[in-house]
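See below for the structure under consideration.
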Amino acid sequence: MVRVKLNFSGKTFSVNTIFYSLLLSGNFVYARDYFNPALLLNTENSRVADLSSFEQGFQLPGNYQVNVYVNDNFAVSKELNFFQSEQSDVISGGLEPCIDSKWLLSLGIKIYDLPEAETLQYKSCLDLKEYIADASVTYNFNIQRLDISIPQIWMKNNAHGYIPPSEWDPGITAAFLNYNLNGNVTDKSDSIFLSLNSGFNIAGFRFKNLSTYNYFNQRDENTHRSDWNNVQSFVEKSIIPLKSELILGDSNVQNMIFDGIGFRGARVYSSEAMLPSSMQGYAPVVRGIANSKSIITIRQNGYIVYQTNVNPGPFEITDISAMALSGDLDVTVEGSAGTVQHFVVPYSGIPILLREGRTTFDITAGEFRSGNKEQDNPLFFQGTLSRGIGSNITLFSGAQIASKYQAALLGIGRNMGTLGAFSFDLTHANSTLADNKDYKGQSYRLLYSKSLNQFGTTLQLLGYRYSTKGFYTLNDVTYKSMERFSPEEKIDEFGNSYYDPSSYYNLNYTKKGRFQLSINQNLGPHGSLYGSANYQSYWNSSKTVKNYQIGYSNANKYFTYSVSWSMQDSSSMYNQKSNSIAASITVPLNAFFGSRDRVTNEIYSNSSVVQNSFGGNSIQTGINGSLGKNRQFSYNLQQGRNNETGGFGMASTHLDTKYGRAGANYSFTAGGKEKSFNYDLAGGLIIHSGGITLGQTLGDTNVLIDAKGAKDVKIENSTNIHTNSKGYAILPFAENYRLNRIALEADSLNDQTEILTNVQNLVPMKGAIVRAKFDTRIGQRALMTIKHFGEYVPYGSTVTEEEQNITSLAGLEGQAFLSGLKEQGRLKISWGSSENESCHAPYAFIQQEKQNSDDGIKMLELNCL
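What the sequence shown shows, in the numbering used here, is residues 189 to 1053, in sequence order.
Below you can see the structure in the form of structure tokens.
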């Protein structure tokens, strides 16, 4: 394949640019069967190479990375083999793709429903037009796009956003490490906390470990302690046929049916992420009748969330990507004759709801694991099953079984349209506690959600759970004794001791009733209000726990402000009660001093006041902002006063780089009575076949950029991420089972680096480390003037660097541009098919070579023998 660079750092090379544009565009030969290249020559003695392979705009056959579209919808990015075809046009470069039936099937084409299905599976290159009427395959060489057009009758009804599992990338074999270090130093003590999240991926298996280290030194008492904890160790594997994930080892199970618990054993559960985005979560089925060929547009909360074309007759839409859990669906059916139908599908949702026809499961078996020395580790089994059926109803069930505990749950959820959405479930449990007595009880739970968009009100969640006197959870049964009266003493990150009230328990006082409410009120340009309430009561006791919050916030061009009140009352349970009122205001100083530049960025002034019932009143003010063109440096300066310490101050700073994040904080009180210094360091690394690459904190799924030799190249749409000296970089937090566009910023390339294709599209599987490989040319760029026995080599000659197979074409006066060249090598120049129509020319760059100062392009004159 011929690759020619036409623009050098924004500047053009006049003669060769004109030549290459004419030669490669193919437009000047499209109207004729033959073009006489001698018309381009300006001297009688000039010679012309054999240009027959380019006369009709044809390109060289081979493998090309293309973006594939099926019926104008993006399907996948894939490398395909292309062969020359006389039936192809200039736009395709005279090339046709070699595609087989298995790949067409993965695109959702019902290829095996054809009468010729038995013979098609043995053909490696199919001409789709031979088998499906009105089908077409169109290739655009210039933009590397392949369009496959198929009549709808031969397409599977795949949801929007569907990506075939055959395109999911399980990633490379690699090890990884996330680290997070926090330290604190005071006049009397120092402490360190280190968290390490490590793992190893191989053949689709993902081994993971989470460990922590704590160190505390009390210098004034000459005492210290340290401990190392293995928090979790497990292996994961994606099970594609079941659309599920498998976990073996120490982990946690979290779902919306039972309370979360830790375990050591095995878990397999349905993976929502494996579904197309349009099939995730819950949305109602929209049904109707189109009188003619129509465009259906569906809006939610004023935003278009779905649009499609339908033929006359009944239609059913099941793959709506709802933007929120609440908000009626506004449906418009616009007919081809201009007729418009309009109707509303009421919609409110809660997390438990599933789409019609969707089934999910979650099965765990193993040893109960809490990390609490007050609890046993019994063997247990837990399973849940949910199914979305018709009429916007979801049924769900679950069971928990252990030697001293058996529980069964049944529930129902429904979207009731204008009345909102609700779910109700009943759990019956048989328990044997530490007192060796048997207990039986039930727990009833009701959840409700409703959005009143016309008033700007969202009742996010109204929940109530009532448990009878003999109801206990699996977690309750594992306690070794019935009660613990003294809260556990613990040490905080600054080395101060405190008593953890959550470690207090009394199984004689079981939970009775629990009420939860969360509500938001949008006031438009006047801001927003929010409120929440939680109430918990207990059996055999008048003790309760209550929490209430109310707040208001607003923002405009010149400032943002908020006011809130909160009350926490657990005095009857833990002897704790507090009332707090807080107010804050933040002012962007750039709004007053003009727009920010790329160095100073945003600067904010902030002030806050807090008053609570403990007498801990405080007021503080300060500034914060960021520096650097990529906002890599942030700072925060605060000072204030409170009732406990008097005056106080704080200064902190953080630096974000491609290798991670580092920060420091210094705080003090009036008179220097208390001083402390905190520091933190966080980042990640990947060990792979190309070495060790350092980067920012890793996510669950990550991309390893591989642009060999291209150093300090910026990754598009990232924060301070550049390739290292070897051309590697880590792009963390990729999206599972979704198309991730990975691109390099061409403007950040240096004069000796060329990226042949700067965009890659990847679909990583959960937990994978996928490689985004970019083809690079690293080396000298040169404009060579080549002569053969005193005459310029023929116009259009092929010029190839033999070792690296870098190819270009000779223009007028024997000039050829090549990039990515080593300091020395040999060129082969060909202008025909016979042996006497080629020659060789060695080259070598030296410091004295004439060079274009702006573009770094070296000028060479060579003799070809």
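Cβ coordinates follow ideal geometry from the N, Cα and C atoms, glycine included.
Per the DSSP calculation, residue 1049 is bridged to which residue(s)? Along the sequence shown, one-based indexing puts residue 1049 at 861. Paired residues: 973.
For residue 639, which three-state DSSP category applies? One-based indexing of the sequence shown puts residue 639 at position 451. Under the three-state reduction of DSSP output, residue 639 falls in the strand class.
Does DSSP put residue 375 in a helix, a strand or coil? Residue mapping note: residue 375 aligns to position 187 of the sequence shown, counting from 1. Residue 375: coil per DSSP, three-state reduction.
Residue range of the beta strand (DSSP E) that includes residue 520: On the sequence shown, position 332 is the one that residue 520 refers to. Here the beta strand (DSSP E) through residue 520 covers 517-523.
Kindly indicate which three-state DSSP category residue 992 falls into: helix, strand or coil? Here residue 992 corresponds to residue number 804 of the sequence shown, with the count starting at 1. Residue state, collapsed to three classes: coil.
Per the DSSP calculation, residue 768 is bridged to which residue(s)? On the sequence shown, residue 768 is found 580 positions in, with the first residue counted as 1. Answer by DSSP bridge pairing, in chain order: 754, 800.
What does the alpha-carbon distance come out to for the pair residue 321 and residue 711? Start at 1 with the first residue of the sequence shown, and residue 321 comes out as number 133. Start at 1 with the first residue of the sequence shown, and residue 711 comes out as number 523. Approximately 57 Å between the Cα atoms of the pair.
Span of the alpha helix (DSSP H) around residue 1054: Only positions 189 to 1053 of the chain appear in the structure, and residue 1054 is not among them; the question remains open.
Write down the C-beta distance between residue 945 and residue 247 rounded to the nearest angstrom, noting that I regard them as a contact closer than 8 Å. Taking the sequence shown and counting its residues from 1, one reaches residue 945 at position 757. Taking the sequence shown and counting its residues from 1, one reaches residue 247 at position 59. With a contact defined as Cβ atoms closer than 8 Å, residue 945 and residue 247 miss out at about 15 Å.
Local conformation of residue 295 per DSSP, three classes: Walking along the sequence shown from the start, residue 295 turns up at place 107. The answer is coil: DSSP assigns residue 295 none of H, G, I, E or B.
Quick one: residues in its chain with C-beta nearer than 6 Å to the C-beta of residue 887, no 5 flanking neighbours on either side, listed in chain order? Within the sequence shown, numbered from 1, the residue matching residue 887 stands at position 699. Apart from sequence neighbours up to five positions away, the residues of its chain that approach residue 887 with a beta-carbon distance below 6 Å are 920, 921, ordered along the chain.
For residue 407, which three-state DSSP category applies? The count along the sequence shown starts at 1 and reaches residue 407 at position 219. Here residue 407 carries a helix assignment [DSSP, helix/strand/coil].
Is it true that the CB of residue 304 sits closer than 8 Å to the CB of residue 327? The residue you call residue 327 lines up with position 139 of the sequence shown. The residue you call residue 304 lines up with position 116 of the sequence shown. It is not a contact, given that the beta carbons lie outside the stated cut-off.
So if DSSP puts residue 550 in a beta bridge, which residue, or which two residues, is it bridged to? In the sequence shown, residue 550 corresponds to position 362, counting from 1. DSSP, once it has assigned bridges, lists 457, 572 as partnering residue 550.
For the alpha helix (DSSP H) containing residue 1001, list its first residue and its last residue. In the sequence shown, counting from the first residue as 1, residue 1001 sits at position 813. No alpha helix (DSSP H) holds residue 1001; DSSP gives it neither H nor E.
Under a three-way DSSP split, which group does residue 1034 fall into? To locate residue 1034, count along the sequence shown from 1; it is residue 846. Of the three classes helix, strand and coil, the one that applies to residue 1034 here is coil, per DSSP.
Whose C-beta lies closer than 6 Å to the C-beta of residue 568 among residues of the same chain, with five residues either side of it excluded? Along the sequence shown, read from residue 1 onward, the residue named residue 568 stands at position 380. Result list for residue 568: 556, 590, in chain order.
Secondary structure of residue 1044, DSSP reduced to three states: As a working mapping, residue 1044 is identified with position 856 in the sequence shown. DSSP places residue 1044 in coil when its eight states are reduced to three.
Candidates 631, 849, 863, 907: closest to residue 835 by CA position: The sequence position of residue 835 within the sequence shown is 647, counting from 1. Out of 631, 849, 863, 907, 863 has the C-alpha closest to the C-alpha of residue 835.
DSSP state of residue 883, grouped into three classes? Here the question's residue 883 lines up with position 695 in the sequence shown. In the structure shown, the three-state DSSP call for residue 883 is strand.
Please name the residue or residues paired with residue 487 in a DSSP beta bridge. Counting from 1 along the sequence shown, the entry for residue 487 is found at position 299. According to DSSP, residue 487 bridges with 492, 518.
Who are the Cβ neighbours of residue 435 in its own chain at under 6 Å, not counting the five residues just before and after it? Taking the sequence shown and counting its residues from 1, one reaches residue 435 at position 247. Result list for residue 435: 422, 424, 455, in chain order.
Could you tell me which of 650, 446, 931, 496 sits nearest to residue 587, measuring between CA atoms? What you label residue 587 is simply residue 399 of the sequence shown in a count that begins at 1. Closest option to residue 587, Cα to Cα, is 446.
When you compare the CB positions of residue 594 and residue 565, do they come within less than 8 Å of one another, or not? Counting from 1 along the sequence shown, the entry for residue 594 is found at position 406. Counting from 1 along the sequence shown, the entry for residue 565 is found at position 377. For residue 594 and residue 565, no; Cβs fall outside 8 Å.
So residue 532 is in the beta strand (DSSP E); what residue range does that whole segment cover? Numbered from its first residue, the sequence shown carries residue 532 at position 344. For residue 532, the uninterrupted beta strand (DSSP E) run begins and ends at 528-533, by DSSP.
What number of angstroms, rounded off, separates the C-alpha of residue 664 from the C-alpha of residue 443? Your numbering for residue 664 matches position 476 in the sequence shown. Your numbering for residue 443 matches position 255 in the sequence shown. Distance between the alpha carbons of residue 664 and residue 443 is about 18 Å.
Between which two residues does the alpha helix (DSSP H) harbouring residue 665 extend? By one-based count along the sequence shown, residue 665 stands at place 477. Per DSSP, residue 665 belongs to the alpha helix (DSSP H) from 662-665.
Output the distance between the C-alpha atoms of residue 313 and residue 370, rounded to the nearest integer angstrom. Taking the sequence shown and counting its residues from 1, the one referred to as residue 313 is at position 125. Taking the sequence shown and counting its residues from 1, the one referred to as residue 370 is at position 182. Taking the straight line joining both Cα atoms gives about 59 Å.
Residue of 331, 298, 536, 399 minimising C-alpha distance to residue 636: Here residue 636 is taken as the residue at index 448 of the sequence shown, counted from 1. Closest option to residue 636, Cα to Cα, is 536.
In angstroms with no decimal places, state the Cα-to-Cα distance between residue 477 and residue 504. Reading the sequence shown from its first residue, position 289 is the one you call residue 477. Reading the sequence shown from its first residue, position 316 is the one you call residue 504. Annotation: residue 477 to residue 504 spans about 9 Å, alpha carbon to alpha carbon.
Please report the residue range of the beta strand (DSSP E) in which residue 1058 lies. Beyond the ends of the chain as shown, which are 189 and 1053, falls residue 1058; an answer cannot be given.
Quick check on DSSP: helix, strand or coil for residue 1016? If you number the sequence shown from 1, residue 1016 lands on position 828. In the three-state scheme derived from DSSP, where H, G and I count as helix and E and B as strand, residue 1016 is classed as strand.
For residue 814, which residues from the same chain have a beta carbon less than 7 Å from its beta carbon, with the 5 sequence-adjacent residues on both sides left out? Here residue 814 refers to the residue found at position 626 of the sequence shown. Result list for residue 814: 789, 790, 821, 822, in chain order.
Only counting the same chain, and skipping five residues up and downstream in sequence, which positions put a Cβ closer than 7 Å to that of residue 598? Position 410 of the sequence shown holds residue 598. Around residue 598: 585, 613, 614.
Quick one: what's got a C-beta closer than 7 Å to residue 206's C-beta in the same chain, skipping five residues either side? Along the sequence shown, one-based indexing puts residue 206 at 18. No answer about residue 206 holds up, because its pLDDT of 36 lies below 50 and its placement is not dependable.
For residue 448, which of helix, strand or coil comes out of DSSP? Residue 448 sits at position 260 when you count from the first residue of the sequence shown. DSSP places residue 448 in coil when its eight states are reduced to three.
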